[in-house]
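Here the structure comes first, spelled out in structure tokens, and everything after it is commentary.
Numbering (the working numbering), first residue to last: 394 to 720.
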């Protein structure tokens, strides 16, 4: 069953607003979706959606028989709420939200005895398209990760390198949390101090690479070894986005086009939505049936910028472009 995105979003919007696991109808039972019983088309859509869900659900009539209620129990409530939110965001081309299980795994990073294994699991989920770039971004988690760096554990250096290489750490969140002591630590560990012990050497090489990533994203200034105070948005610097007020100054076909920020974000969402549905980025062009005149120039700039950045997957590049133009 292929559902039109607009129809799906029109259905999900009121559900997220009014129900979405917020209404308890009986002890341990929560309404996820509520559809007028007479609306067979919407009930068919609800059943189709829930048939593909990762959790059990039930359904039944309301007391007045006017509504068909689709519900979950308390154990599955958090997963169901996430699923509904994720379904809506995928349909609208927004950044995929992290699941409760993924958030728990991310929080384990700072305290795990095997942080490299946790990082590897997150990286594998990212590679499968189940975890978005920038998913590690909560301020307290970021601060805990930076604090643990000071213990100089080789395995933790390797874990952090994995997260950075897979773009799982949000660089804006990282930039906001960095303090002088963090930067001093990075400066202390350099190629000249490499250990002969293979285990320690691996961690030191990872630490050097962490510092290199911070330089590439303009988070630290390699000349004075301090935080880069010129730019507060690492993605804007890394993706070479120039903004003037509410517009993005985009070089297209030898001309500089002032793109409205909202049109640029709309083009990102339209592109990402098609990637979610399985389209190949290389096959997307300005003649696609979903293309609209108001996003055409923005799409051309996005396509041009991402094709010039072969080091990034299209989905990661879209994350960085969207973060680059956030107010």
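For each residue, glycine too, the CB sits at the ideal point set by N, CA and C.
Within 10 angstroms of the Cβ of residue 616, are there 16 or more other Cβ atoms? Answer buried if so, exposed if not. It is exposed - the Cβ of residue 616 has fewer than 16 other Cβ atoms within 10 Å.
Can you tell which of 445, 402, 463 and 654 has its C-alpha closest to the C-alpha of residue 452? 463
If I'm right that residue 511 touches residue 498 with Cβ under 8 Å, what's the distance once you round it to whole angstroms? Going by Cβ atoms, the distance from residue 511 to residue 498 rounds to 6 Å, so yes, they are a contact pair.
Pick helix, strand or coil for residue 636, following the three-state DSSP scheme. strand
Please tell me whether residue 694 and residue 643 are closer than 9 Å, where the distance is taken between their beta carbons. yes
As assigned by DSSP and simplified to three states, the class of residue 642: strand
Please classify residue 386 as buried or exposed, where buried requires at least 16 other C-beta atoms within 10 Å of its C-beta. As shown, the chain starts at 394 and ends at 720. That puts residue 386 outside it, with no answer to give.
Residue 544 classed as buried or exposed, judged by whether at least 16 other C-beta atoms fall within 10 angstroms: Looking at its Cβ environment, which holds fewer than 16 other Cβ atoms inside 10 Å, residue 544 is exposed.
May I ask you to list the residues that DSSP assigns as paired with residue 452? 463
In angstroms with no decimal places, state the Cα-to-Cα distance between residue 470 and residue 647. 53 Å
Identify, in the order they occur along the chain, each residue of the same chain with its Cβ nearer than 8 Å to the Cβ of residue 593, setting aside the five sequence neighbours on each side. Taken in chain order, the residues that qualify are 547.
Backbone secondary structure at residue 649 - three-state DSSP: strand
Using C-beta distances below 6 Å, list every residue in its chain close to residue 608, excluding the 5 sequence neighbours before and after it, in chain order. 615
Can you find the residues in the same chain that come closer than 7 Å, C-beta to C-beta, to residue 449, ignoring five residues on each side of it along the sequence? 469
Determine the closest residue to residue 611 out of 687, 535, 626 and 597, with distance taken between C-alpha atoms. 626
Please state if the CB of residue 554 and the CB of residue 613 are separated by a distance shorter than 9 Å. no
State the beta-bridge partners of residue 426 as determined by DSSP. Residue 426 is bridged to 463.
Span of the alpha helix (DSSP H) holding residue 709? 707 to 717
Could you tell me the boundaries of the alpha helix (DSSP H) in which residue 572 lies? Run containing residue 572: none; DSSP gives neither H nor E here.
What are the boundary residues of the alpha helix (DSSP H) that residue 517 is part of? 508 to 520
Quick one: is residue 410 buried, meaning 16 or more other Cβ sit within 10 Å of its Cβ, or exposed? exposed
Short check: CB of residue 508 to CB of residue 570, under 9 Å? no
Ignoring anything shorter than 4 residues, give me the alpha helix (DSSP H) runs that lie fully in the stretch 529 to 568, in order along the chain. Secondary structure in the stretch 529 to 568: the alpha helix (DSSP H) runs of 4 residues or longer, each lying completely within the stretch, are 532 to 542 and 547 to 558 in chain order.
Backbone secondary structure at residue 469 - three-state DSSP: helix
Exposure of residue 600, with buried meaning 16 or more beta-carbon neighbours within 10 Å: buried
For residue 612, name the three-state secondary structure that DSSP assigns. coil
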